[in-house]
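**Q** Residue numbering for the sequence shown follows full-length UniProt numbering, beginning at 1 and increasing consecutively.
The beta-carbon is built from N, C-alpha and C at its ideal position, and this holds for glycine as well.
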Amino acid sequence: MDGVLVREEDPIPGAKEFIAALREHDVPFLVLTNNSIFTPRDLRVRLLRSSGIDVPEDSIWTSALATAQFLDDQRPGGSAYVVGETGLTAAVHDIGYVMTDQDPDYVVLGETRTYSFEAITRAIRLINDGARFIATNPDPSGPSAQGMLPATGSVAALISTATGRSPYFIGKPNPLMMRSALNRLEAHSETTVMIGDRMDTDIISGLEAGMRTVLVATGATERHQVQLFPYRPTKVVDSIADVVPFVGQMCLPEDS
């Protein structure tokens, strides 16, 4: 989502047209985000109000939803101590998990703007007592209007240092998030394209999930930086506007 459809609160040229083209041609799609703060409903309203981009609620897939799906697959009906916002707590609640700070099966760490020393300390103690450590995504920082903010990866590192236990990260670049998205779409990797703005999360996770990949140069990775990576996307374009003509087509020409 960020860097592909929007930049902060502003729509990237071509984003509205791209989503409209997908819907016009009945192409199944998901908008992905590693941010676990908001529910899909929240994100839909934010996109529509701030950017005028109309994405259906069920076409948004967050790291919180992917994390909840993972928990349900691994240990149905379990329990968790959750450090995060509504997007994560709602997702965990919806799969039937009990949220508790008493002998939980998992400690689940997500994005929040109100990390508390008390909550982090409780998480550390529960992990030391045997709870399994899960985190929604490894992003070390995130943007805000005031500047950079510490994100899930940074807080996970703090907890790991204190416990000696590393979390299992669900979100990008883990291809598990791509697989869960494919399952939600009932799609196959061979007929699916991953579009992203970061080589080290979007493109590598799409590649490892067996998808074709498109890098847009409107976000984190610039064109000249692509050659620094040992892998490459199927195609590099200036922006999402350049992908609109390919909607509805099975053929995505590769970069030469």
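What does a CB cutoff of less than 8 Å around Thr89 pick up in its chain, not counting 5 residues either side in sequence?
**A** Residues Val82 and Met99 of the same chain have their beta carbon placed closer than 8 Å to that of Thr89, with the five preceding and five following residues left out of the count.
**Q** Which residue spans inside the segment 167-198 form an unbroken alpha helix (DSSP H) run of at least 4?
**A** 175-185
**Q** Does DSSP put Leu149 in a helix, in a strand, or in coil?
**A** strand
**Q** Confirm, please, whether the CB-CB distance from Ala21 to Val247 is below 7 Å.
**A** yes
**Q** When we look at the beta-carbon of Val27 and count the other beta-carbons within 10 Å, is it buried (16 or more) or exposed?
**A** exposed
**Q** Measure the alpha-carbon distance for Asn61 versus Met177 and round it to whole angstroms.
**A** The question names Asn, but residue 61 in the sequence shown is Trp. Roughly 9 Å separates the two Cα atoms.
**Q** Write down the C-beta distance between Ala66 and Gly171 rounded to the nearest angstrom, noting that I regard them as a contact closer than 8 Å.
**A** That belief holds up - the Cβ atoms of Ala66 and Gly171 are roughly 6 Å apart, short of 8 Å.
**Q** Count the other C-beta atoms from every protein chain shown that fall within 10 angstroms of the C-beta of Glu111, then say buried if there are 16 or more, exposed otherwise.
**A** That one is buried.
**Q** Quick one: using the 10 Å Cβ neighbour count with 16 as the cut-off for buried, is Asp105 buried or exposed?
**A** Around the beta carbon of Asp105, a 10 Å sphere encloses 16 or more other beta carbons of the protein chains shown; the residue is thus reported as buried.
**Q** Across which residues does DSSP place Ser141 in a beta bridge pair?
**A** Pro150
**Q** Report yes if the CB atom of Gly210 is closer than 7 Å to the CB atom of Met194, and no otherwise.
**A** no
**Q** Can you tell me whether Asn183 is buried or exposed, with buried defined as 16 or more other CB within 10 angstroms of its CB?
**A** exposed
**Q** Kindly confirm or deny that the segment 41-53 and the segment 8-19 touch, where touching means at least three C-beta pairs closer than 8 Å.
**A** yes
**Q** Provide the residue(s) that pair with Thr100 in DSSP beta bridges, ordered along the chain.
**A** In the DSSP output, where bridge partners are listed per residue, Thr100 has none listed.
**Q** On the CB-based measure, 16 or more other CB atoms within 10 Å of its CB, does residue 257 come out buried or exposed?
**A** Outside the shown range of the chain (1 to 256) lies residue 257, about which nothing can therefore be said.
**Q** For a quick check, are the C-beta atoms of Val4 and Ile240 less than 7 Å apart?
**A** yes
**Q** Over what stretch of residues does the beta strand (DSSP E) that includes Thr67 continue unbroken?
**A** Careful: Thr67 lies outside any beta strand (DSSP E), inside the alpha helix (DSSP H) at Ser63 to Gln74.
**Q** Once DSSP output is grouped into helix, strand and coil, what is the label at Val13?
**A** The amino acid at residue 13 is misidentified as Val; the sequence shows Pro. For Pro13, the three-state secondary structure derived from DSSP is coil.
**Q** For a minimum of 3 consecutive residues, which ranges assigned as the beta strand (DSSP E) are wholly contained in the segment 104-135?
**A** 106-109 and 132-135
**Q** In chain order, what residues of the same chain lie with their CB nearer than 7 Å to the CB of Ala64, ignoring the 5 residues before and after it?
**A** Ser36, Gly87, Leu88, Ala91, Gly110 and Thr136
**Q** Would you tell me roughly how many angstroms separate the C-alpha atoms of Ala156 and Ser79, rounded to the nearest one?
**A** 20 Å
**Q** Among the candidates Ala181, Thr192, Ile124 and Ser189, whose CA atom is the shortest distance from the CA of Ser166?
**A** Ile124
**Q** Specify the secondary structure class of Arg165 as computed by DSSP and reduced to three states.
**A** coil
**Q** Taking DSSP as the reference, what is the three-state secondary structure of Ala20?
**A** If DSSP states are grouped into helix, strand and coil, Ala20 belongs with the helices.
**Q** Classify Arg49 as helix, strand or coil using the three-state DSSP reduction.
**A** helix
**Q** Can you say whether Phe38 is buried or exposed, counting buried as having 16 or more other CB atoms within 10 angstroms of its CB?
**A** buried
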